[in-house]
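This report refers to the structure that appears directly beneath it.
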Amino acid sequence: MALLSSTQQKSKRITLTLSIQESLLKEIKAYCAWAGIDRPTEFIIQSIDYVLKNDKEWRKALPPQSP
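In my numbering, the protein residues as written are 21 to 87.
In structure tokens form, the structure reads like this:
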């Protein structure tokens with residue numbers, strides 16, 4: 021079962037340019053094809069979101085949110 025899935029979120033986006041290894045991009049594209057994700061951008065967004073939500077040490081380091 022894929023950890024990520026195809027979604028079409030309607031939130032404001034900012035363009036970010038990055039450089040990654042060609043082999044990593046090939047693997048990302050293969051994962052996207054396997055998981056039914058239309059664009060590598062969605063993979064990257066969901067991957068970042070997953071890490072930020074699930075890294076327990078990061079969660080502890082975050083400043084408290086005001087109500």
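All residues carry an ideal CB built from backbone N, CA and C; glycine is no exception. In this text, all values refer to a predicted model and were calculated from it rather than measured experimentally.
Within the model, the alpha-carbon separation for Q85 versus Y70 is close to 19 Å. Taking a contact to require three or more Cβ pairs closer than 8 Å, the region 75–85 and the region 55–66 do not qualify as touching.
P60 places its beta carbon 8 Å or farther from that of I68. The Cβ atoms of A22 and A55 sit closer than 8 Å to each other. The three-state reading of DSSP puts R79 in helix, counting H, G and I together.
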